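Data first, discussion second: the structure below is written as structure tokens.
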Amino acid sequence: MKTNLAVVGVQWGDEGKGKIVDLLSRDYDCVARYQGGHNAGHTVSVGNRRHVLHLIPSGIFQPHVKCVIGGGVVLDPLALIEESEAIKSAMSIPVDGRLFVSNRCHLILPYHRVLEAAIEKQLGERRIGTTSRGIGPAYEDKMARRGIRVCDLMDPATLPEKIRAQVVEKNRTLEAFKYPQAIDPEPICESYTKYGQTIRPFVTDTAVMLNDMIRSGRSVLFEGAQGTLLDVDHGTFPFVTSSSAAAGGAATGLGISPKYVHSVIGISKAYTTRVGSGPFPTECADAAGEQLRTRGNEYGSTTGRPRRCGWFDGPAARYATMINALDSIVITKIDVLDAFDEIPFCVEYKYKGSVLKEFPADSAILAAVEPVYKNIRGWKQSVAGIKDWPELPTVAQDYVKFLSDYLEIPISMISTGPGRDETIRR
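For any residue, its number in the working numbering is found by taking its place in the sequence shown, counting from 1, and adding 1.
Here's what the structure looks like:
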């Protein structure tokens with residue numbers, strides 16, 4: 002049996018997982034996405050072209066790789082259709098026969114987006130800061146056992162009845178929110194019936210497919226979306242996503258045994274970013290934060306929102322390392338730090354004068370901690386595009402070594418730019 006690998010985000014998402022999965026997938030037979038929805042934005046640069054993937058796994062640009070969207074993903078069928086068409090037309094990449102969608106995926110419907118926007122508006126200053134793409138309400142329906150799935154989409158005779166029943170419930174909820182207009186189920190029934198026929202060639206029982214592949218000796222890369230600090234169970238609740246973004250989600254989201262996840266790699270920026278609301282201990286709301294944002298082009302791949310930026314958060318990364326039992330870590334965007342004389346690195350949190358020994362579960366405590374920094378000398382020269390470890394300035398090597406020693410795991414790769422070849426492999 003070949004070794005299977007899970008790739009997960011160490012921070013609050015946006016760590017550069019798309020590029021790394023694209024690189025690593027050369028050595029795998031299949032890439033399988035196990036959670037989230039089209040709120041993800043995995044950027045892959047192929048030659049002079051840049052493509053942002055929201056649903057389709059990042060192995061799609063390696064022609065030999067099969068790509069699976071597992072049952073743990075919530076699926077907007079129109080988003081899938083548009084994304085697959087964009088790949089075929091803009092990149093001339095074949096999708097048919099290589100892309101497989103679980104018949105157990107729960108669907109995102111238009112009323113989910115309406116509900117999410119209404120709820121966020123109702124929350125006011127307490128809003129989560131979601132992408133408003135209906136992800137959370139779709140997962141709510143799943144957990145309440147009232148969701149509509151891809152297998153329902155395959156049955157046009159019974160689908161309209163199921164949609165109409167859900168719209169009745171959703172209109173009651175929207176009325177309570179004083180939403181000005183009721184949702185008409187008929188356009189949804191008509192469009193989703195068509196979407197079902199369009200995506201039918203992709204739909205299969207992906208759990209059977211993946212287990213057959215693994216038992217026959219083929220290798221699978223499990224692709225996580227978002228990041229560990231957004232995991233619904235282990236992240237900075239309630240400012241989290243609605244799914245299991247940590248490595249543990251691969252088993253439940255794909256229908257494979259945890260025994261089949263043989264190793265786990267974490268992806269982390271050389272600094273920290275976050276989108277949306279929630280505590281962010283190392284956030285820089287000053288000129289340094291703006292410099293990180295400008296140099297790193299820190300704007301959401303999915304929403305275009307400016308990301309909040311700050312220094313590397315050691316305690317948070319150490320916590321994510323533990324949750325995922327990481328075997329190694331990949332550091333991305335180290336070139337963004339080229340301009341700084343000194344680079345603060347958060348080594349611990351203090352709360353009410355005492356050092357915290359554990360990452361706090363209470364987001365109010367995390368919002369109140371005082372980050373304790375160790376200042377590391379900057380290298381003040383460009384590392385963009387460097388491909389070999391000896392070429393990296395000694396001071397930059399020292400930063401990487403300090404990070405590795407702090408987390409007590411090896412650094413397996415360092416990304417020095419968006420291109421496939423702008424990568425140091427160790």
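Idealized CB from N, CA, C, for every residue including glycine.
Predicted model, so just to flag it, every value in this text is computed and none were measured.
{"Asked": "Check each candidate in Ile-366, Tyr-350, Pro-259, Gln-227 and name the one with the smallest Cα separation from Val-11.", "Found": "Gln-227"}
{"Asked": "Specify the secondary structure class of Ile-415 as computed by DSSP and reduced to three states.", "Found": "strand"}
{"Asked": "Can you have a look at Thr-159 and say buried or exposed, based on whether 16 or more other CB atoms are within 10 angstroms of its CB?", "Found": "exposed"}
{"Asked": "Could you round the C-beta distance between Ser-364 and Phe-238 to whole angstroms and report it? I think they count as a contact, below 8 Å.", "Found": "6 Å"}
{"Asked": "Threshold first: 4 residues or longer. Then list the alpha helix (DSSP H) segments lying entirely within the segment 191-246, N to C.", "Found": "207-216"}
{"Asked": "His-263 and Asn-5 look like a contact to me (Cβ under 8 Å); what is the Cβ gap, rounded to whole Å?", "Found": "5 Å"}
{"Asked": "Apart from the five residues just before and just after Asp-30, which ones in its own chain have a Cβ nearer than 6 Å to its Cβ?", "Found": "Arg-219, Ser-220"}
{"Asked": "Could you pull out every residue in the same chain whose Cβ sits closer than 7 Å to the Cβ of Glu-117, ignoring the five residues on either side in sequence?", "Found": "Thr-131, Ser-133, Gly-135, Gly-137, Pro-138"}
{"Asked": "Which of the three DSSP states is assigned to Cys-152 in this structure?", "Found": "helix"}
{"Asked": "Looking at the structure shown, is Val-115 part of a helix, part of a strand, or coil, going by DSSP?", "Found": "helix"}
{"Asked": "Could you please give the first and the last residue of the uninterrupted beta strand (DSSP E) stretch that includes Arg-421?", "Found": "It is not in any beta strand (DSSP E) - Arg-421 carries neither H nor E in the DSSP assignment."}
{"Asked": "Identify the residues that DSSP records as bridge partners of Tyr-352: which are they?", "Found": "Ser-355"}
{"Asked": "Can you tell me whether DSSP reads Val-53 as helix, strand or coil?", "Found": "strand"}
{"Asked": "Evaluate contact between the segment 182-193 and the segment 154-173, counting only Cβ atoms and requiring at least three cross-stretch pairs below 8 Å.", "Found": "yes"}
{"Asked": "Pick out whichever of Arg-308, Asp-206, Pro-64 has its Cα sitting closest to the Cα of Met-155.", "Found": "Asp-206"}
{"Asked": "Within 8 Å, do at least three Cβ pairs link the segment 100-109 to the segment 144-154?", "Found": "yes"}
{"Asked": "Does the beta-carbon distance from Ala-246 to Gly-225 come in below 7 Å?", "Found": "yes"}
{"Asked": "How is the beta strand (DSSP E) around Ala-371 delimited, first residue to last?", "Found": "The residue asked about is misnamed: residue 371 is Glu in this sequence, not Ala. First-last of the beta strand (DSSP E) with Glu-371: 371-378."}
{"Asked": "So what's Glu-284 in DSSP terms, helix, strand or just coil?", "Found": "strand"}
{"Asked": "Checking 7 Å against the spacing of the C-beta atoms, do Val-32 and Gly-267 come in under that value?", "Found": "no"}
{"Asked": "Compute the beta-carbon to beta-carbon distance between Ile-330 and Ala-271, rounded to the nearest angstrom, for a pair I have assumed lies under 8 Å.", "Found": "Not quite, the Cβ-Cβ distance comes to about 11 Å (not below 8 Å), so this is no contact."}
{"Asked": "Would you mind stating whether Gly-73 and Gln-36 have Cβ atoms separated by less than 7 Å?", "Found": "yes"}
{"Asked": "Strictly by DSSP, which residues pair up with Cys-347?", "Found": "Asp-314, Tyr-374"}
{"Asked": "Go ahead and label Arg-378 buried or exposed: buried means 16 or more other beta carbons lie within 10 angstroms of its beta carbon, across all protein chains shown.", "Found": "exposed"}
{"Asked": "Please report the residue range of the beta strand (DSSP E) in which Phe-101 lies.", "Found": "100-103"}
{"Asked": "So what does DSSP say about Ala-362, is it helix, strand or coil?", "Found": "coil"}
{"Asked": "If you reduce the DSSP assignment to three classes, tell me which class Ile-268 lands in.", "Found": "strand"}
{"Asked": "Go to Gly-19, then tell me how far its alpha helix (DSSP H) extends in each direction, as first and last residue.", "Found": "18-25"}
{"Asked": "Within the same chain, show all residues whose beta-carbon is closer than 6 Å to that of Gly-14, passing over the 5 residues directly before and after it, in chain order.", "Found": "Gln-227, Gly-228, Leu-231"}
{"Asked": "Figure out for me which residue from Val-209, Arg-34, Thr-333 has the closest Cα to the Cα of Leu-75.", "Found": "Before going on, a small fix: residue 75 reads as Val here, not Leu. Val-75 has its Cα closest to that of Arg-34, out of Val-209, Arg-34, Thr-333."}
{"Asked": "Could you check the C-alpha separation between Arg-114 and Arg-427 for me, to the nearest Å?", "Found": "44 Å"}
{"Asked": "Can you tell me which of the three DSSP states Lys-179 falls into?", "Found": "coil"}
{"Asked": "Taking the alpha carbon of Ala-317 as the reference point, which residue from Ala-286, Arg-275, Arg-296, Ala-87 has its own alpha carbon closest?", "Found": "Arg-275"}
{"Asked": "Going by DSSP in three states, Ala-7 sits in which element: helix, strand or coil?", "Found": "strand"}
{"Asked": "Take Val-337 and list the residues in its own chain whose beta-carbon comes closer than 6 Å to its own, dropping the five residues that flank it on each side.", "Found": "Arg-296, Gly-297"}
{"Asked": "Give the range of the beta strand (DSSP E) segment to which Thr-1 is assigned.", "Found": "Residue 1 lies beyond the range of the chain shown here (2 to 427); nothing can be said about it."}
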